[in-house]
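> With the numbering used here, the residue at position 204 of the sequence shown is 447, and numbering never jumps. Cβ atoms here follow ideal geometry from the backbone N, Cα and C, with glycine treated the same way. If you're wondering where the values come from, they're calculated on a predicted model, not measured in any experiment. Structure incoming, see below.
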Amino acid sequence: MAIVIISSEIKNVRRDLAQSVAAKLGAQCISREQLVEQATQAGIPVGKLEVAVFKQSTPRERLARLKYRYLAFVTAALCDLASQHRDLVYHGRAGNLLLPRISHVIRVRLLADEERQLQQTMTSLNLEMEKAKDYQRRLQEDVARWVHFMHGTDPNDLRGYDLVLNLAHLKMESAAAAIFSMAQLPDFQTTPASTQALGDLCLAARARDLLGRDERTGDIDLGVSAQDGRLTVTYMPQQAEKAPAIKALLASLQGAREVVCTMALTNLLWVSESFDPDSSSFAHVTDLAQRWGAAVELMRLAPQTADEEGVCLASAEDLTAAGPCLPKEMDLTGGIQDDVVTQPAGADGGLASTAERLISLGLFGGGRVLVGGGEEVVVAIKSAPHYSLVVVGDVFVSKSPAVRTRLSRELVAYVSERVTLPVMSKEDLQAKVVFGAKQFARLALYTAPVAAIFLAVFTFQEPIQGFLGSPGSLGMKVLAAAAVAGFVPLVAYLYGNSAGLLFKWLRFE
């Protein structure tokens with residue numbers, strides 16, 4: 244069985260090639276447009292997602308949840324079709340990203356003949372050449388925005404494809420023949436491992452889709468994974484009351500031999516004026532959260548004015564939640580009307596985009612916006628005593644670097660003195676938790692003398708024993724005692740630091 248996925252932003256080109264390949268393979272052929280229609284009929288407003296992305300509005304938590312519902316629906320649909328038919332051909336914008344880590348999937352990227360496509364655009368839309376070129380440019384930009392929003396990658400990154408075909412130099416029939424021949428290769432045949440991987444991917448997608456459809460669980464962020472038929476769902480501490488509903492929904496899910504619901508052990512609170520999901524701070528915080536099995540709660544410390552001090556603008560629940568998925572016939576807008584309130588990109592200090600990335604990692608524990616300073620932060624922390632660590636990120640960003648550093652340290656010290664849990668800056672987090680080049684250098688610095696000491700002791704055991712145990716004069720005994728008193732703490736210090744850094748490198752907590 245082979246699964247062929249053809250990707251191109253030009254609908255008619257990929258459709259013609261997909262139908263030709265499907266005819267040669269005797270395979271089922273399905274398009275992105277068909278799956279979008281099915282998703283809309285199921286109550287997932289794909290059109291709303293597209294409108295929001297194409298308008299370049301800030302991706303909100305609501306859109307992130309809808310996005311993952313849609314991806315789960317499409318993945319489950321493709322997996323079901325693949326299990327029903329010996330061969331399957333799918334064509335879409337960036338379908339190569341839908342079935343990751345499945346070895347019998349052939350991912351094909353089409354490069355259309357630009358001149359021919361330009362002529363077709365001019366003819367079909369009755370446009371002049373310059374307007375047709377502008378239309379094609381805007382179409383490619385919209386597709387790139389959509390793919391980046393859905394998958395966080397560039398659709399033109401050719402490393403995600405097994406085969407790239409330039410139709411400017413290749414006829415459609417020749418391209419279909421090349422794909423057909425490739426599908427016969429042993430590299431793209433099913434194996435027990437690839438079949439199991441596809442089954443686990445399908446099981447996780449079905450579970451996520453089922454949880455997203457139900458009104459009891461559709462508005463919460465869950466981590467869903469499957470391995471060898473064992474389904475694991477992770478929820479946040481504040482969602483503990485949803486656990487019975489999760490188990491009840493998944494109890495009869497076909498293909499799940501076991502369902503395990505686990506709660507994240509604790510929360511990390513990340514306080515910052517601005518967030519960036521592509522920053523090193525984000526990587527450090529999420530790395531620690533994954534190691535601890537914790538959720539990450541975001542608190543944006545917004546710039547304050549004299550009349551705003553201490554006003555809480557939003558709470559964790561105020562980030563707009565997605566409503567329940569309604570079937571299309573029950574939704575008067577058909578799921579397409581753009582009723583999402585948009586705001587300029589960056590107006591929220593990166594809070595929404597960071598929340599979206601955390602949702603994709605299964606680590607989002609909520610978010611809030613707070614206007615004020617240290618006192619307001621302390622009150623907020625004490626009102627939710629389930630944190631294990633507070634990380635202070637980029638605050639006072641409008642100040643000069645020197646003033647920003649001083650005020651940040653004062654904020655960390657102020658909060659530390661008034662709460663009973665560790666509080667550290669992002670620099671402290673990197674130094675104490677993250678293992679980087681400096682830590683490698685320190686590990687080498689401590690390990691080298693420890694190794695030399697142990698080597699010397701084992702090499703010169705008899706002279707050392709003679710020095711320590713010889714019945715010499717009082718002065719020799721005092722010298723031996725002094726040597727031991729100075730040597731043992733030195734070895735303990737070097738060995739302790741070396742072992743601690745080694746355990747940190749190996750991620751032992």
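Using a Cβ distance threshold of 8 Å, determine whether the stretch 408–427 contacts the stretch 253–269, with at least three qualifying pairs required.
They touch, by the three-pair rule.
> Identify the continuous alpha helix (DSSP H) that holds G527 and give its terminal residues.
Within the sequence shown, residue 527 is the residue found at index 284, counting from 1. Here residue 527 turns out to be His, not Gly, going by the sequence shown. Per DSSP, H527 belongs to the alpha helix (DSSP H) from 523–535.
> Candidates D462, S631, A450, G729: which alpha carbon is nearest T509's?
Against the sequence shown, residue 509 aligns to sequence position 266. If we check each option's Cα against that of T509, S631 comes out closest.
> With 8 Å set as the bound, which would you pick, yes or no: does the beta-carbon of Q533 sit closer than that to a beta-carbon of chain B?
Any reference to chain B falls outside this structure, which holds one protein chain only.
> Run through DSSP, which three-state label would Q209 get?
With the chain running from 244 to 752 in the structure shown, residue 209 is simply not present.
> Rank T505, A537, G286, R329 by C-alpha distance to the C-alpha of L511 and give the top, closest one.
To locate residue 511, count along the sequence shown from 1; it is residue 268. Cα-wise, what sits closest to L511 is A537.
> Closest to Q497 by C-alpha separation, out of M479, C445, T475, E484, would be which residue?
Taking the sequence shown and counting its residues from 1, one reaches residue 497 at position 254. Minimum Cα distance to Q497 is reached at C445.
> Count the other C-beta atoms from every protein chain shown that fall within 10 angstroms of the C-beta of A526, then say buried if there are 16 or more, exposed otherwise.
Residue 526 sits at position 283 when you count from the first residue of the sequence shown. Exposed, because fewer than 16 other Cβ atoms sit within 10 Å of the Cβ of A526.
> When you compare the CB positions of L594 and R543, do they come within less than 8 Å of one another, or not?
In the sequence shown, the residue the question calls residue 594 occupies position 351. In the sequence shown, the residue the question calls residue 543 occupies position 300. Yes, these two residues count as a Cβ contact at 8 Å.
> Would you check if the distance between the CB atom of G403 and the CB atom of N339 is smaller than 8 Å?
The residue you call residue 403 lines up with position 160 of the sequence shown. The residue you call residue 339 lines up with position 96 of the sequence shown. Cβ distance < 8 Å, so G403 and N339 count as in contact.
> Is DSSP giving A315 helix, strand or coil here?
Within the sequence shown, the letter at position 72 stands for residue 315. If DSSP states are grouped into helix, strand and coil, A315 belongs with the helices.
> Go to Y404, then tell me how far its beta strand (DSSP E) extends in each direction, as first and last residue.
Locating residue 404 in the sequence shown gives position 161, counting from the first residue. Unbroken run through Y404: none, as it is neither H nor E.
> Is it right to say F607 is buried, meaning 16 or more other beta carbons lie within 10 angstroms of its own, or is it exposed?
Taking the sequence shown and counting its residues from 1, one reaches residue 607 at position 364. Looking at its Cβ environment, which holds 16 or more other Cβ atoms inside 10 Å, F607 is buried.
> Roughly how many whole angstroms lie between the Cα atoms of A699 and V727?
As a first step, residue 699 must be located in the sequence shown, where it is residue number 456. As a first step, residue 727 must be located in the sequence shown, where it is residue number 484. Near 15 Å, if we compare the C-alpha coordinates of V727 and A699.
> Relative to the C-alpha of R336, which candidate in T396, T364, K298 has its C-alpha closest?
Working through the sequence shown from its first residue, we reach residue 336 at position 93. Among T396, T364, K298, the Cα nearest to that of R336 belongs to T396.
> Just grab the DSSP bridge partners of I246 for me.
For the purposes of this step, residue 246 is taken as the residue at position 3 of the sequence shown. Its beta-bridge partners are L331, V348.
> Tell me the rounded alpha-carbon separation between S495 and S603.
As a first step, residue 495 must be located in the sequence shown, where it is residue number 252. As a first step, residue 603 must be located in the sequence shown, where it is residue number 360. Using only the alpha carbons, I get a separation of about 26 Å.
> Just reading off the beta strand (DSSP E) that E501 is part of, what are its end residues?
On the sequence shown, residue 501 is found 258 positions in, with the first residue counted as 1. Where E501 is concerned, the enclosing beta strand (DSSP E) stretches over 501–506.
> Please work out which residues of its chain come closer than 6 Å, Cβ to Cβ, to N369, disregarding the five sequence neighbours upstream and downstream, and give them in chain order.
Here residue 369 is taken as the residue at index 126 of the sequence shown, counted from 1. For N369, where only same-chain residues beyond five positions count, there are no Cβ hits under 6 Å.
> Rounded to whole angstroms, what's the CA-CA distance from L733 to G718? Just pull it up for me.
Residue numbering aside, residue 733 sits at position 490 when the sequence shown is read from its first letter. Residue numbering aside, residue 718 sits at position 475 when the sequence shown is read from its first letter. Looking at the two C-alpha atoms, the distance is approximately 23 Å.
> With 16 as the cutoff for other CB atoms within 10 Å, does V503 come out buried or exposed?
Within the sequence shown, the letter at position 260 stands for residue 503. With fewer than 16 other Cβ atoms within 10 Å, it is exposed.
> State the CB to CB distance for the pair F297 and D385, rounded to an integer number of angstroms; the pair is presumed to be in contact (CB under 8 Å).
Counted from its first residue, the sequence shown places residue 297 at position 54. Counted from its first residue, the sequence shown places residue 385 at position 142. With 8 Å as the limit, F297 and D385 qualify as a contact, their Cβ atoms being about 5 Å apart.
> From what residue to what residue does the alpha helix (DSSP H) around M372 run?
For the purposes of this step, residue 372 is taken as the residue at position 129 of the sequence shown. Its alpha helix (DSSP H) spans residues 372–394.
> Using the C-alpha atoms, what's the distance from S659 back to K747?
What you label residue 747 is simply residue 504 of the sequence shown in a count that begins at 1. What you label residue 659 is simply residue 416 of the sequence shown in a count that begins at 1. Going from the Cα of K747 to the Cα of S659 covers about 24 Å.
> Excluding the 5 residues flanking G739 on each side, which residues of the same chain have their C-beta closer than 7 Å to its C-beta?
The residue you call residue 739 lines up with position 496 of the sequence shown. Counting only Cβ-Cβ distances below 7 Å, and skipping sequence neighbours, we find nothing.
> Which residue wins for smallest C-alpha separation from A742, given the options L711, P692, V528, V638?
On the sequence shown, position 499 is the one that residue 742 refers to. Among L711, P692, V528, V638, the Cα nearest to that of A742 belongs to P692.
> Is V635 near I422, with beta carbons less than 8 Å apart?
Taking the first residue of the sequence shown as position 1, residue 635 is located at position 392. Taking the first residue of the sequence shown as position 1, residue 422 is located at position 179. Not in contact: V635 and I422 (Cβ atoms no closer than 8 Å).
> For M393, count the other beta carbons within 10 Å of its own beta carbon; 16 or more makes it buried, fewer makes it exposed. Which is it?
Looking up residue 393 in the sequence shown gives position 150. So M393 counts as buried.
> Rounded C-beta distance between I253 and I349? I'm assuming under 8 Å.
Stepping through the sequence shown from its first residue, residue 253 is reached at position 10. Stepping through the sequence shown from its first residue, residue 349 is reached at position 106. That pair is no contact at about 19 Å.
> For E516 and Q682, what's the separation of their Cα atoms in angstroms?
Translated into positions along the sequence shown, residue 516 becomes position 273. Translated into positions along the sequence shown, residue 682 becomes position 439. The alpha-carbon atoms of E516 and Q682 are separated by roughly 29 Å.
> Let me check understanding here. Comparing Cα to Cα, which of D356, R451, D443, G610 lies closest to L408?
As a first step, residue 408 is located in the sequence shown; it is residue number 165 there, counting from the start. Cα-wise, what sits closest to L408 is D356.
> Which word fits E560, buried or exposed, when buried means at least 16 other C-beta atoms lie within 10 angstroms of its C-beta?
Position 317 of the sequence shown, counting from 1, holds the residue named residue 560. Because E560 sits at a pLDDT of 41, beneath the cut-off of 50, its placement in the model cannot be relied upon, and the point is left open.
> Apart from the five residues on each side of it in sequence, which residues of its chain come closer than 6 Å, Cβ to Cβ, to V467?
To locate residue 467, count along the sequence shown from 1; it is residue 224. Hits under 6 Å: A447, A450, R451, V476.
> Since R344 contacts A440 with CB under 8 Å, what's their CB separation in whole angstroms?
Here residue 344 refers to the residue found at position 101 of the sequence shown. Here residue 440 refers to the residue found at position 197 of the sequence shown. Contact holds; Cβ gap of about 6 Å.
> In this structure, does DSSP put S468 in helix, strand or coil?
Within the sequence shown, the letter at position 225 stands for residue 468. Three-state result, S468: strand.
> L737 and Y689 look like a contact to me (Cβ under 8 Å); what is the Cβ gap, rounded to whole Å?
By one-based count along the sequence shown, residue 737 stands at place 494. By one-based count along the sequence shown, residue 689 stands at place 446. That pair is a contact at about 5 Å.
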